[in-house]
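A.B. asks: Going from the sequence shown to our numbering is simple: count from 1 and add 16.
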Amino acid sequence: MNVKSCHHLRADAIAAIEDALADGLGVELDADTYEKVSFEDSDWEVVLVDGEPAVFYVPGESNGNDDPFLTVRGANAHPPAENIVTVDAGAISFVSDGADVMRPGIVEADESITADDLVVIAEENHGKVLAVGRARVDGADMLGDEGKVVDTVHHVGDDLYEFSG
17 MNVKSCHHLR ADAIAAIEDA LADGLGVELD ADTYEKVSFE DSDWEVVLVD
67 GEPAVFYVPG ESNGNDDPFL TVRGANAHPP AENIVTVDAG AISFVSDGAD
117 VMRPGIVEAD ESITADDLVV IAEENHGKVL AVGRARVDGA DMLGDEGKVV
167 DTVHHVGDDL YEFSG
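1. I think V153 touches V165, with their Cβ atoms under 8 Å apart; what is that distance to the nearest whole Å?
2. Do the CB positions of D133 and A151 come within less than 8 Å of each other?
3. In three-state DSSP terms, what is I137?
4. Enumerated in chain order, which unbroken segments of the beta strand (DSSP E) with a length of 3 residues or greater are wholly contained in the region 44-76?
5. Within 10 angstroms of the Cβ of P75, are there 16 or more other Cβ atoms? Answer buried if so, exposed if not.
6. Contact check, P96 vs V169 under 8 Å by CB: the rounded distance?
7. Apart from the five residues on each side of it in sequence, which residues of its chain come closer than 8 Å, Cβ to Cβ, to A29?
8. Around the Cβ of N99, are there at least 16 other Cβ atoms within 10 angstroms (buried) or fewer (exposed)?
9. Which of the three DSSP states, helix, strand or coil, is assigned to E124?
10. How big is the Cα-Cα spacing for V123 and R26?
11. I'd like to check one pair, F179 with P69: are the Cβ atoms closer than 8 Å?
12. What residue from D39, A47, G163 and V135 has the CA that sits closest to V65's CA?
13. Here's a check: name, in chain order, each residue in its chain whose Cβ is nearer than 6 Å to the Cβ of L41, leaving out the five neighbours to either side.
14. Under a three-way DSSP split, which group does S112 fall into?
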C-alpha cells in the first residue's frame, strides 16, 4: 500500500478516537503521537499510535460516519475488555484467511454486543485477535448450530495487517 498522505491529528479527533475505543472496547489508549495515514491504492484510513498502525476507520452501518476501531495489531497490543467473539481452534484458519464467522465456530461472545457493533474475533487458546468484524446479530444470539453471525472487515494477513508505519 502506497501512502498518499500522513498528518498529525488534532486534539478533538484524538479525543473522539480515545472515547470510541474506551466506550466500545474498554481500551484506554495513552499515546504521545497520533498520525492519520491515507493510501493511494486503498480505501483504508489508518491511525498510527506512537508509530504503530493501531487504529483504523470502518464505514459505519447505521450512522453513515466512519467509526474508529482497533486494527488486529492494535487489538493484540491493547487487548479489549468488551465486544469480543471467541472462536474455537477449527475456525482459526478460516477466520485468518478472511472468512466471515459462523455460529458453529463460536465458543463465546460478549452478551453486550448488539447487531451492527464492531467486534474483535479472538482464538480460544491464547486469546490472540485474528480479525475485526461487524456483528450481524446480538451477542446473546451468536452461539448455535448454523448461520453467519459476523462479517469480517479486517484480518491477519490482509493488506492493512501487512502495513507497517
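Even glycine gets a Cβ: it sits at the ideal position worked out from N, Cα and C.
C.D. replies: Looking at the coordinates:
1. 5 Å
2. yes
3. strand
4. Qualifying beta strand (DSSP E) stretches, in chain order: 50-55, 61-65 and 68-75.
5. exposed
6. So it is not a contact: roughly 15 Å between Cβ atoms.
7. For A29, the CB contacts under 8 Å within the same chain, skipping 5 residues up- and downstream, are Y50 and K52 in chain order.
8. Counting every other CB atom within 10 Å of its CB across the protein chains shown gives N99 a total of 16 or more, marking it as buried.
9. strand
10. 40 Å
11. Against a cut-off of 8 Å, the Cβ pair of F179 and P69 comes out as a contact.
12. A47
13. P96, E98 and N99
14. helix
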